[in-house]
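Protein chains in written order, with this note's numbering: chain A, 17 to 130; chain B, 7 to 118.
Every residue gets a Cβ at the ideal spot worked out from N, C-alpha and C, and that includes glycine.
Quick caveat, the model's predicted, so the values are computed rather than measured.
Worksheet: one structure, shown below.
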Amino acid sequence: AQTVTQSQPEMSVQEAETVTLSCTYDTSENNYYLFWYKQPPSRQMILVIRQEAYKQQNATENRFSVNFQKAAKSFSLKISDSQLGDTAMYFCAFYSSNTGKLIFGQGTTLQVKP
Amino acid sequence: DTAVSQTPKYLVTQMGNDKSIKCEQNLGHDTMYWYKQDSKKFLKIMFSYNNKELIINETVPNRFSPKSPDKAHLNLHINSLELGDSAVYFCASSLPPDTEAFFGQGTRLTVV
Chain A
17 AQTVTQSQPE MSVQEAETVT LSCTYDTSEN NYYLFWYKQP PSRQMILVIR QEAYKQQNAT
77 ENRFSVNFQK AAKSFSLKIS DSQLGDTAMY FCAFYSSNTG KLIFGQGTTL QVKP
Chain B
7 DTAVSQTPKY LVTQMGNDKS IKCEQNLGHD TMYWYKQDSK KFLKIMFSYN NKELIINETV
67 PNRFSPKSPD KAHLNLHINS LELGDSAVYF CASSLPPDTE AFFGQGTRLT VV
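Structure below.
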């Protein structure tokens, strides 16, 4: 069974600085997708970034980028130039093409301090 | 236009009651999910439907019964509510395999 692990329950960063959130996963599949979702206090789940496992190039979306290490089964999220609006809970997620299941890690609460 | 909408947003009810949460998506997606987010914010998949067919049924008490009248709707009915059912329930939809899952705003269920 696939599992997703986020080992950092809480993190904080000063505004304008860079922070990296960690995620590891376990799977025997070769074809899968990885995501980072953000959940601000409003409770809405918002997609931050997506990575296809067959792509070697790391995905980037503006200030957000990932470090995808397929062999190590690691998928970390880097937030550059942190903003107060980045304060939220961040979830790493794994989608299995075989099972059609989207599963989530435990989440990391990120606090951006002024 | 809201892509995935759930009703109600808040639901307070007594133990033993039966309640339903409705979910509708207007994105034309084939797959819909129900997730439960507990007090520790852990998101656990409950069910997944693809074109009205149940494809994932996690270890969920049979008091929970999903119903998909068409591929745009996936409702969740809960019988004999218990205190432990208190959580936020999220509906989501996607068009696998390479697009994001869109989430509803969640339904906070409180059983008293």
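In chain order, what are the residue ranges of uninterrupted beta strand (DSSP E) at least 3 long that sit wholly in the region 12-94 of chain B? 16-19, 25-31, 37-43, 49-56, 59-63, 70-76, 79-84
Below 8 Å on the Cβ atoms is my contact criterion, and I expect E30 (chain B) with S11 (chain B) to pass it. Report the Cβ-Cβ distance as a whole number of Å. Position 24 of the second sequence, counting from 1, holds the residue named residue 30 (chain B). Position 5 of the second sequence, counting from 1, holds the residue named residue 11 (chain B). That pair is a contact at about 5 Å.
Is the Cβ of A107 (chain B) closer than 8 Å to any Cβ of chain A? Along the second sequence, read from residue 1 onward, the residue named residue 107 (chain B) stands at position 101. Yes, A107 (chain B) lies at the interface with chain A (some Cβ there is under 8 Å from its Cβ).
Could you spell out where the beta strand (DSSP E) holding E68 (chain A) opens and where it closes? As a position in the first sequence, residue 68 (chain A) is number 52, starting the count at 1. Residues 62-68.
Please state if the CB of Y49 (chain A) and the CB of V20 (chain A) are separated by a distance shorter than 8 Å. Along the first sequence, one-based indexing puts residue 20 (chain A) at 4. Along the first sequence, one-based indexing puts residue 49 (chain A) at 33. No, the pair does not count as a contact, with Cβ atoms beyond the cut-off.
Just tell me which of B:S100, B:A78, B:V94, B:Y41 has its CA closest to the CA of E64 (chain B). If you number the second sequence from 1, residue 64 (chain B) lands on position 58. A check of alpha carbon separations from E64 (chain B) across B:S100, B:A78, B:V94, B:Y41 identifies B:Y41 as the nearest.
Would you call the CB atoms of N81 (chain B) and P67 (chain B) closer than 8 Å? For the purposes of this step, residue 81 (chain B) is taken as the residue at position 75 of the second sequence. For the purposes of this step, residue 67 (chain B) is taken as the residue at position 61 of the second sequence. Not in contact: N81 (chain B) and P67 (chain B) (Cβ atoms no closer than 8 Å).
Using a cut-off of 8 Å between C-beta atoms, extract the partners of I62 (chain B) located in chain A. On the second sequence, position 56 is the one that residue 62 (chain B) refers to. Those are T115, G116, K117, listed as they occur along chain A.
If we ignore side chains and look at the alpha-carbon of each, how far apart do V35 (chain A) and P75 (chain B) end up? Against the first sequence, residue 35 (chain A) aligns to sequence position 19. Against the second sequence, residue 75 (chain B) aligns to sequence position 69. Roughly 45 Å separates the two Cα atoms.
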